[in-house]
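J.: Here it is: the structure, laid out below.
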Amino acid sequence: MIKVAVCGANGKMGREVVNAVNNADDMELTAKIDIIDGEYDSIEKAHNEKDIDILIDFTQPKSIYENALYCLNNKINIVIGTTGLSDAQLKELEDLSNKNKTACFIAPNFSTGAVLMMMFSKMAAKYFNNAEIIELHHNQKKDAPSGTAIKTAQLMAESNDNFATGNCAETETITGSRGGTSYNNIHIHSVRMPGFMASQEVIFGAMGQTLKIRHDSTNRECYMDGVLLAVRYAFDKGGFTYGLDNIL
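Heads up: the sequence shown at position 176 corresponds to 780 in this note's numbering, and the numbers run straight through without jumps.
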């Protein structure tokens, strides 16, 4: 049995993860960690009292980095679903994971459909020199753009070096109208609004045609198969992994 602790256990995603782990035949939930009414209010306290093979973290962007450092420095394998880590932080966690031979699995999105959307976008990027990303989330999401949008842009940038080919010189009369410019000139637009959960659309353009690749999540259950897949992979294989696309 894989002994699993969930950090952020009382959050919306955390509660779904707790249910998924409890229903998995090969996993045992050993600790629920949350600063609000959790069995433990810190990873350190849970670690001192419970056996933990894998910690699943769905907390806040401001706490995930320190949580990951604690886990990797204390040989606790970690699966991270919280977004908001910088490229520099990701590199440091990768180096620490390899140094301490402790698994660190980070996924901007655990929905298999969303991962396929990212993979298809990478495929399409080879054939289009213009593309932009629109991501839409509920208005309680604290980081922008989403980790999914960033990962999508990174994958697309592997296939093409400029996604603003032929664009004229632009002037924004309202700052930010064109969104944020990311990898290889891919503009990312973030929408935050009640009524959405998580959606993303990648728009490709060329003379005489457009291609749109879109994914919508309508409930949090859609992430659970991916979370459990990541837990099993991290437990069996170890090492550092960024993105569910690496194991599908």
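Where is the CB? At the ideal position from N, CA and C, for every residue including glycine.
Alpha carbons only, please: which of Phe839, Thr752, Ala773, Glu776 is nearest the one belonging to Val806?
T.: Taking the sequence shown and counting its residues from 1, one reaches residue 806 at position 202. Of the listed residues, the one whose Cα sits closest to Val806 is Thr752.
J.: So if DSSP puts Ala635 in a beta bridge, which residue, or which two residues, is it bridged to?
T.: Your numbering for residue 635 matches position 31 in the sequence shown. Bridge partners of Ala635: Ala609.
J.: Decide if Val824 is buried, meaning its Cβ has at least 16 other Cβ atoms within 10 Å, or exposed.
T.: Looking up residue 824 in the sequence shown gives position 220. It should be noted that the sequence gives Arg, not Val, for residue 824. Flag for Arg824 reads buried.
J.: Considering just the uninterrupted stretch of the alpha helix (DSSP H) at Glu620, what are its terminal residues?
T.: For this step, residue 620 is matched to residue 16 along the sequence shown. Unbroken alpha helix (DSSP H) run through Glu620: 616 to 626.
J.: Tell me whether the beta-carbon of Met631 lies closer than 9 Å to the beta-carbon of Ile606.
T.: Along the sequence shown, one-based indexing puts residue 631 at 27. Along the sequence shown, one-based indexing puts residue 606 at 2. A contact, by the Cβ cut-off of 9 Å.
J.: Taking just the CA atoms, how far does Asp747 sit from Leu759?
T.: Along the sequence shown, read from residue 1 onward, the residue named residue 759 stands at position 155. Along the sequence shown, read from residue 1 onward, the residue named residue 747 stands at position 143. Their Cα atoms are separated by approximately 20 Å.
J.: Would you report the Cα separation of Glu620 and Ile682, rounded to the nearest angstrom?
T.: Within the sequence shown, numbered from 1, the residue matching residue 620 stands at position 16. Within the sequence shown, numbered from 1, the residue matching residue 682 stands at position 78. Rounded to whole angstroms, Glu620 to Ile682 spans 17 Å at the Cα level.
J.: Pull up the distance between the alpha-carbon of Asp848 and that of Ile778, whole angstroms please.
T.: If you number the sequence shown from 1, residue 848 lands on position 244. If you number the sequence shown from 1, residue 778 lands on position 174. One detail in the question is off: residue 848 reads as Leu in this sequence, not Asp. Approximately 37 Å, taken between the alpha carbons.
J.: Please go through the same chain and pick out, in chain order, the residues whose beta-carbon is closer than 8 Å to the beta-carbon of Gln804, but skip the five residues on each side of it.
T.: Along the sequence shown, read from residue 1 onward, the residue named residue 804 stands at position 200. Cβ within range, chain order: Ala718, Met721, Ile737, Ile738, Glu739, Leu740, Ser750, Thr752, Ala753, Thr756, Arg818, His819.
J.: Here's a check: name, in chain order, each residue in its chain whose Cβ is nearer than 8 Å to the Cβ of Met855, leaving out the five neighbours to either side.
T.: Here the chain covers residues 605 to 852 and nothing more, so residue 855 does not appear.
J.: In the DSSP assignment, the beta strand (DSSP E) including Cys772 goes from what residue to what residue?
T.: Residue 772 sits at position 168 when you count from the first residue of the sequence shown. Careful: Cys772 lies outside any beta strand (DSSP E) and carries neither H nor E.
J.: Nearest-angstrom Cα distance between Ala609 and Thr634?
T.: Numbered from its first residue, the sequence shown carries residue 609 at position 5. Numbered from its first residue, the sequence shown carries residue 634 at position 30. Those two C-alpha atoms are separated by around 6 Å.
J.: For Ser690, count neighbouring Cβ atoms within 10 angstroms of its own Cβ and tell me buried if that reaches 16, exposed if not.
T.: Working through the sequence shown from its first residue, we reach residue 690 at position 86. Result: exposed.
J.: Which runs of the alpha helix (DSSP H) fall wholly inside the segment 627 to 694 and span at least 4 residues, in chain order?
T.: If we require 4 residues or more, the alpha helix (DSSP H) runs fully inside the segment 627 to 694 come out as 647 to 653, 665 to 677.
J.: DSSP state of Asn702, grouped into three classes?
T.: What you label residue 702 is simply residue 98 of the sequence shown in a count that begins at 1. In the structure shown, Asn702 sits in a helix (DSSP, three-state: H, G or I).
J.: Out of Gly809, Ile637, Asp829, Arg836, which has the shortest C-alpha to C-alpha gap to Phe732?
T.: In the sequence shown, counting from the first residue as 1, residue 732 sits at position 128. Out of Gly809, Ile637, Asp829, Arg836, Gly809 has the C-alpha closest to the C-alpha of Phe732.
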